Amino acid sequence: MLRIFHTADWHLGQTLHQHDRGYEHAQFLDWLLLTLQDRQPDVLLLSGDVFDTLNPPAAALRRFYTFLAAARAALPKLQILLTAGNHDAPARLEAPSPLLDSLRITVVGTIPSESDSPSNPSKFLVPLRDASGTVAAIALAVPFLRPSDVPPLPDAANPYGEGVAQFYRQLTEQAESLRSQLYPGAALLALGHCHIQDALESRDSERSLVIGGSESLPTSLFPPALCYVALGHLHRPQSLDGGRIRYSGSPIPLSFSEKDYPHALLEVELDGPRLIRVTPLPIPRAVSLLRIPERGALPLEELLHEIRTRSFPTDLPAEQHPFLEIRVLDDGPDPSRRRRIEEALADKPVRLASLRLESRKPAGAIPHALANATLEELVAMNPEEILRSAHRELYQTEPEPEVLSALAQILRETAL
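Every letter in the sequence shown is one number past the one before it in numbering that gives the first Met the number 0, and letter 353, counting from 1, is 352.
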């Protein structure tokens, strides 16, 4: 029996509208360390996006390596395998490999230039050992694949998608050969950092991986010989293809669109080449994300009343004060709007992270005067008249002189 922990999308160093998330990440890693000690898995898989940026802050790097050191000290036999995501700098993530390899920590980030036929399969094929030291599985450790990383297929309908499928197919064939030669009965599993078709995404905190929409890949790119596929990139925990392919999801909500996600760590159990079960282990929420109103938006006066009468937990330390998103209806230009909202929140134990102004018009609505204009007509229009027309239609008033003055200044500066 091989027991595996599958996690992904830590995004260490992330901020939520300029609010630091260090406390939440520290709480998650403390919980993860305790859960590792309690459940005693053989392997920890981290499927990409260890960090939030290519150049993470020093505090995030220190937090990551402190966790690795603590995990190694607490569980000397634990094998850790992690891959780079689209937010990670692959070469930088791999740089400490000579040291980490000696600690049973394997990092796979970069792809050799001759990736049309992976010439060094040992880089991507990682034997995983059970508690007795026997190789019980072979992992295809595949990081995020950029278009330049996959086999060139210029005549394919979708060169990127078919290139990714060929990459996994070739590695699976090599893994099957390795299994037949050295590790009979071992399971084959894969890591990946990609967007699978029909999977649910959170638009506020995930970005497209490949220009043109070809990043959406079919489940068929993972050969049937793979009994489990541990994915990263999409932050919502979900399973596909009968549960064989899974996103673990992110350990903390990375945007307000994720505030109701059931964040979890996945405990995966394999018996020989068979997937026995996958058990979600819920991750405690260190800091709450709140929204006023919960759905839609309110006019300013109603919103202020809701804030003043709303009760919040008063016994939490500052680092646990909830993050708050406010949604207010746009009733026209109001320079006092934000100040009045902040004053209403002044004595509340919350942190205002997001103030969203919602239009009464449908999203993307175009003022009538511009809706049917040709490109030539738009170019010929006076910018001030465009502003006046849109303002009258949206708010039934003329724009303030200060707004017109600001537009004139912008036009002067852009004309220089």
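No residue lacks a Cβ here, since even glycine has one placed at the ideal position from N, Cα and C. Remember, predicted model here, so these are calculated numbers, not experimental data.
- Glutamate 293 sits in coil when the DSSP states are folded into three classes, being neither helix nor strand.
- Taking 9 angstroms as the cut-off, the Cβ atoms of aspartate 8 and leucine 253 count as close.
- Rounded to whole angstroms, the Cβ separation of alanine 140 and leucine 190 is 5 angstroms, and the two are in contact under 8 angstroms.
- Spatial neighbours of serine 215 in its own chain (CB-CB distance under 6 angstroms, excluding positions within 5 residues in sequence) are listed in chain order as His194 and Gln196.
- For the pair of segments examined, the segment 275-285 was found to touch the segment 22-31: the number of CB pairs separated by less than 8 angstroms reaches three.
- Under the three-state reduction of DSSP, serine 179 is assigned to helix.
- With fewer than 16 other Cβ atoms from the protein chains shown falling within 10 Å of its own Cβ, leucine 199 counts as exposed.
- Setting aside the 5 residues that flank it on each side, valine 277 is surrounded in the same chain by Leu265 and Val267, each with a C-beta closer than 6 angstroms to its C-beta; the list follows chain order.
- Taking C-beta separations shorter than 7 angstroms and ignoring five residues to either side along the sequence, the partners of phenylalanine 123 in its chain run Val107, Pro117, Leu139, Ala140, Val141 and Leu170, following chain order.
- The Cβ atoms of phenylalanine 4 and leucine 43 sit closer than 9 angstroms to each other.
- Pairing proline 40 with leucine 99 gives a Cβ-Cβ distance that is not under 9 angstroms.
- Assignment of proline 146 by DSSP, reduced to helix, strand and coil, places it in the helix class.
- Nearest neighbour of threonine 308 by Cα position, chosen from Arg326, Arg338, Asp346 and Ile275, turns out to be Asp346.
- Burial is judged here by how many other beta carbons sit within 10 angstroms of a residue's own beta carbon; alanine 317 has fewer than 16 and is exposed.
- Pairing histidine 10 with methionine 380, the inter-Cα distance amounts to about 46 angstroms.
- Annotation: arginine 243 is outside any beta strand (DSSP E) and is labelled neither H nor E by DSSP.
- Cα atoms of serine 176 and serine 96: separation of roughly 26 angstroms, rounded to the nearest angstrom.
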